[in-house]
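Structure record follows, encoded as structure tokens.
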Amino acid sequence: MAFFFQELVNGLTTGALYALVALGFSMVYGVLKLLNFAHGDLYMVGAFIGYFVIQWFGGPKGLTIPVPLLLLTMFVLAAVLVGGLGVAIERFAYRPLRNAPRIAPLITAIGISFFLENAALLLFGAQYRVYNTPDFISASSGITIGSVTIDSLQITVLVLGIALMLGLRQLVSRTKLGRQMRAVAADREAAEMLGINVNLTIALTFFIGSALAGVAGVMAGLLFNQVSNTIGFTAGLKAFTAAVVGGIGSLPGAVLGGLLIGLAESFIIGYVSSLYANLLVFGLLIAVMLVRPSGLLGQAQLQKV
Amino acid sequence: MKGSVIIAATTLGALVVAGCGSTSSGSGASGGTKSCVATIGLEGPFTGPVAPLGQEQLHFAQLALASDNTANHTKISLVQGDTMLNPAQATTVTQQFTSNSKIVAVAGPAGSQEVEAVGPLMARAGLAFISGSATAAVLTTGKYPTFFRVVSKDSVQGPQDARYIIANLHPKALMIVDDQEAYSTGLVSAMLPIFTAAGIKVDHESVSQKTTDFSSLTAKVTSATSVVVLPWQIAANAQQFGRNLAQQHKKAVIFGTDGLFSPGTFTISGSYVSSFGPDITAIPADAAIAAAAKAKYGSFGTFGPPVFAATHVIDEAIASVCKAGHTPSRSNVLAAIRKTSEPTSILGQPISFDSHGDVVNGKFFLFKISSAGKYQLIPG
């Protein structure tokens, strides 16, 4: 039973990360109907920002500020800078193509992904950068119940992840900006006629989605301890899968999809074998898509003919 | 008008440059008292997930070339081909190299799977290629007549490591995790039968090189599992694996191979790393090279020095062809590489090749990581 709970905690933690990245993916798709394949690379940029903040404050062994303040700085800076980068990408790469055939921004998104990955290679080099988290947050800190260990980082990721997801839900369902986002997602032209500033709404959507990716990147750096220019690819792929399985465009769906993938991976590795993990996880996801083609919480779109 | 003048001047300039280039190439094709000019290719994963290893290989190839050009009064230049450790990409790069008649030999590629992909192309073009890290045993069975390597092979490393683990770490149960690449699965295949024959309970697992969280896997490490074997190429992944073990209070010892030799990255105390390359910082004769590499490129592991050795073998072969008054053509350089007999090398051992391209008396080196994160060579 302890083994079950250990895998449950592991799965929830990685699932929460996938969910955070998937949320941004799904938000952008909901508003623009754009598959932003550069989203995973924004996560990578966030992870690098976290790394450089640690170095800036003296490195993992010689921190000049308290750990909670360091974490706060990492998360805030990553959110703001990556959010800003997302807005810039939308302004200069996607907005000019807003009325182009849908394949054009899709290819641009892939191009932006390669651009970010290779820019990071040129700027930061090919070597893996290591957060060395255990030097400032003990690997054995946290809660141990029987033989189940939930370390403090896992707790941080879970709590922060849940808080961000709930906050986003409140923002989308209860605020003026949220209503504007939903209006633009439903019908951009009608929203514009109702006086909504569509450009601003889309820019803010990109900011929030990208900021979530940046925060997820820092969480990944703290949890997985390593950063390189290539980490965005897998994260982006998992987030895309999570968003599609949950029902792309649906925010609760993105969370559900992320958690489902995280848990499926964890339990299959634990109870079957890592040899078959991807085979079984993606087999499971194909089965979900066959039963619910629009995703678990997605809604089938009516099309005018 | 102004635009026309600029275009005309640019065209003239380009023609002058091209003319200079062709003159230079012409003189380079001859030997004797004329300057010895040649071009060699370097294939390696300079980008992608194992780019840190590829960049290290590139740096050491550049160091070898600079020092050999000075010592031999040659003008050998290097053309880089990024393979990303991907056989398809390596094939594209090799097609470019084989169709470039200036390239007379190639250092690389890095991975065994890449050698398998490019071997026939290299053979058809009569292009010698020397790898500093491809260790699959199957590569030197005579399939690829222009292939050489300066490191030993899996069929030596796998059994040697397995026997060391059995004799010295005495595990009753162990976990072995491949990283789904030919290099890793090859080593696992070489080790598994030995562990099984010794009566050890083996849990064989597999993760992608892109995986960064191993907590689900480390949860499977039982109290009876005293050793985890990681024949991986990415040291940062092994460091994270060790961290996940510590988080879950697991005491298993990590035993890694080649790619884990990275003193700046993989520092889990009590772990072992077996490597095809020595730690050249511990070889007195290599002090100058090690210092130059560190000053210019920072810390390094064991993937760079073998490529230095491979590049050096090619450079010496070209120099010997020129010295004999012949043109450093592909066939002449290939013949000279076959006759290689370096009494010493950066790897701390002589380099000569057997008839299948394997380095004679190649060996592996075993290190243990101390509590201070230092790599200590285990003699034997």
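One line per chain: the protein sequences are A and B, in this order.
Numbering follows our numbering, in which position 110 of the first sequence is assigned residue number 114; successive positions increment by one, without gaps.
Numbering follows our numbering, in which position 329 of the second sequence is assigned residue number 980; successive positions increment by one, without gaps.
Glycine included, C-beta positions come from ideal geometry on N, C-alpha and C.
As the structure is a prediction and not an experimental result, all values here were calculated from the model.
Identify, in the order they occur along the chain, each residue of the same chain with its Cβ nearer than 6 Å to the Cβ of V292/A, setting aside the five sequence neighbours on each side. The residue you call residue 292/A lines up with position 288 of the first sequence. Answer for V292/A: V249, listed in chain order.
Could you have a look at A195/A and say whether DSSP puts it in helix, strand or coil? As a first step, residue 195/A is located in the first sequence; it is residue number 191 there, counting from the start. A195/A: helix per DSSP, three-state reduction.
Chain B residues whose Cβ lies nearer than 9 Å to that of A18/A: For the purposes of this step, residue 18/A is identified with residue 14 of the first sequence, where counting begins at 1. According to the sequence as given, residue 18/A is Thr; it is not Ala. Within chain B, the residues near T18/A are D864, S866, S867.
Please report the residue range of the beta strand (DSSP E) in which Y47/A lies. The residue you call residue 47/A lines up with position 43 of the first sequence. From DSSP, Y47/A is part of no beta strand (DSSP E) but of the alpha helix (DSSP H) over 43 to 60.
Can we say the segment 859 to 877 of chain B touches the segment 824 to 834 of chain B, given the rule of at least three CB pairs closer than 8 Å? yes
Can you find a C-beta in chain B that's less than 8 Å from the C-beta of L172/A? Taking the first residue of the first sequence as 1, we reach residue 172/A at position 168. Taking Cβ atoms only, chain B never reaches closer than 8 Å to L172/A, which makes this a no.
Find the nearest neighbour of I53/A within the set A108/A, L127/A, V35/A, judged by alpha-carbon distance. If you number the first sequence from 1, residue 53/A lands on position 49. Of A108/A, L127/A, V35/A, the residue nearest in Cα terms is L127/A.
Determine whether the Cβ of T698/B lies closer than 8 Å to any Cβ atom of chain A. Your numbering for residue 698/B matches position 47 in the second sequence. Taking Cβ atoms only, chain A reaches closer than 8 Å to T698/B, which makes this a yes.
So is M197/A buried or exposed if we call it buried at 16+ other beta carbons inside 10 Å? Stepping through the first sequence from its first residue, residue 197/A is reached at position 193. By the 10 Å Cβ count, M197/A comes out exposed.
Per-residue DSSP class, three states only, for T908/B: Working through the second sequence from its first residue, we reach residue 908/B at position 257. It is a strand residue.
By DSSP's criteria, G952/B is part of a beta bridge. Which residues make up the other side? Reading the second sequence from its first residue, position 301 is the one you call residue 952/B. Per DSSP, G952/B has no beta bridge partner at all.
Indicate whether at least one CB of chain A lies closer than 8 Å to the CB of A944/B. The residue labelled residue 944/B in the question sits at position 293 within the second sequence. With 8 Å as the cut-off, A944/B does not count as an interface residue toward chain A.
With DSSP as the reference, label A130/A as helix, strand or coil. The residue you call residue 130/A lines up with position 126 of the first sequence. A130/A: coil per DSSP, three-state reduction.
What does DSSP give as the partner residues of K1019/B in its beta bridges? Residue 1019/B sits at position 368 when you count from the first residue of the second sequence. Beta-bridge partners assigned by DSSP to K1019/B: Y923/B, Q1027/B.
At a CB-CB cut-off below 7 Å, which residues of chain B make contact with F228/A? Along the first sequence, read from residue 1 onward, the residue named residue 228/A stands at position 224. Within 7 Å Cβ-Cβ: T863, D864, Q891.
Using a beta-carbon distance below 8 Å, is S857/B in contact with chain A? Taking the second sequence and counting its residues from 1, one reaches residue 857/B at position 206. So, interface residue.
Between the segment 262 to 289 of chain A and chain B, which residues of the former have a C-beta closer than 7 Å to a C-beta of the latter? E269, S270, I273, G274, S277, S278, L279
Along the segment 914 to 925 of chain B, where does the CB come closer than 7 Å to a CB of chain A? Name the residues. T916
So, does the CB of V134/A fall closer than 8 Å to a CB anywhere in chain B? Numbered from 1 along the first sequence, position 130 holds the residue referred to as residue 134/A. Taking Cβ atoms only, chain B reaches closer than 8 Å to V134/A, which makes this a yes.
Touch test, the segment 25 to 33 of chain A against the segment 251 to 266 of chain A, Cβ-Cβ under 8 Å, three pairs minimum: yes
Cβ of G677/B within 8 Å of any chain A Cβ: On the second sequence, position 26 is the one that residue 677/B refers to. For G677/B, the predicted model reports a pLDDT of 35, less than 50, meaning its position is unreliable and no value from the coordinates is stated.
Does the distance from the CB of F286/A to the CB of G44/A come in under 8 Å? Here the question's residue 286/A lines up with position 282 in the first sequence. Here the question's residue 44/A lines up with position 40 in the first sequence. Result no, Cβ atoms of F286/A and G44/A do not sit closer than 8 Å.
Just to confirm, are P703/B and Y132/A a CB contact at a threshold of 8 Å? The residue given as residue 703/B occupies position 52 in the second sequence. The residue given as residue 132/A occupies position 128 in the first sequence. Yes; because the gap between Cβ atoms is below 8 Å, this pair is in contact.
If you count every other CB in all the chains shown that lies within 10 Å of the CB of P771/B, and 16 or more means buried, which is it? Numbered from 1 along the second sequence, position 120 holds the residue referred to as residue 771/B. Under this definition P771/B is an exposed residue.
Beta-carbon proximity check, P957/B vs G783/B, cutoff 8 Å: For this step, residue 957/B is matched to residue 306 along the second sequence. For this step, residue 783/B is matched to residue 132 along the second sequence. In contact: P957/B and G783/B (Cβ atoms closer than 8 Å).
The ligand ATP and G695/B: does any heavy atom of the ligand fall closer than 7 Å to the residue's C-beta? The model depicted lacks the ligand ATP and carries no ligand whatsoever.
Under 9 Å by beta carbon: chain A residues contacting P703/B: In the second sequence, the residue the question calls residue 703/B occupies position 52. Here the neighbours are G129, A130, Q131, Y132, S232.
Quick check on the burial criterion: 16 or more other C-beta atoms within 10 angstroms. Buried or exposed for G240/A? Locating residue 240/A in the first sequence gives position 236, where the first residue counts as 1. Buried, because 16 or more other Cβ atoms sit within 10 Å of the Cβ of G240/A.
With distances taken from CA atoms, which of I200/A, G165/A, G90/A, N282/A is nearest K180/A? Along the first sequence, read from residue 1 onward, the residue named residue 180/A stands at position 176. Minimum Cα distance to K180/A is reached at I200/A.
Please list the segments of the alpha helix (DSSP H) lying wholly inside the segment 725 to 769 of chain B, counting only runs of 4 or more residues, in order along the chain. 738 to 750
Residues of the segment 886 to 910 of chain B with Cβ closer than 8 Å to any Cβ of chain A, in chain order: A886, A887, N888, Q890, Q891, R894, A897, Q898, Q899, H900
Which listed residue (N737/B, I754/B, T745/B, V744/B) has its alpha carbon closest to that of I965/B: Residue numbering aside, residue 965/B sits at position 314 when the second sequence is read from its first letter. It is I754/B whose Cα lies nearest to the Cα of I965/B.
Using a C-beta to C-beta distance shorter than 7 Å, which residues of chain A count as neighbours of A870/B? Residue numbering aside, residue 870/B sits at position 219 when the second sequence is read from its first letter. For A870/B, the C-beta contacts it makes with chain A under 7 Å involve F7, Q10, E11, N14, G274, in order along the chain.
Spatially closest choice to T908/B from F954/B, F799/B, D864/B, by CA coordinates: The sequence position of residue 908/B within the second sequence is 257, counting from 1. Minimum Cα distance to T908/B is reached at F954/B.
Measure from the C-beta of P72/A to each C-beta in chain B and report whether the shortest distance is under 8 Å. The residue you call residue 72/A lines up with position 68 of the first sequence. For P72/A, the answer is no, since every Cβ of chain B falls outside 8 Å of its Cβ.
Helix, strand or coil for V86/A per DSSP? Stepping through the first sequence from its first residue, residue 86/A is reached at position 82. In the structure shown, V86/A falls within a helical segment according to DSSP collapsed to helix, strand and coil.
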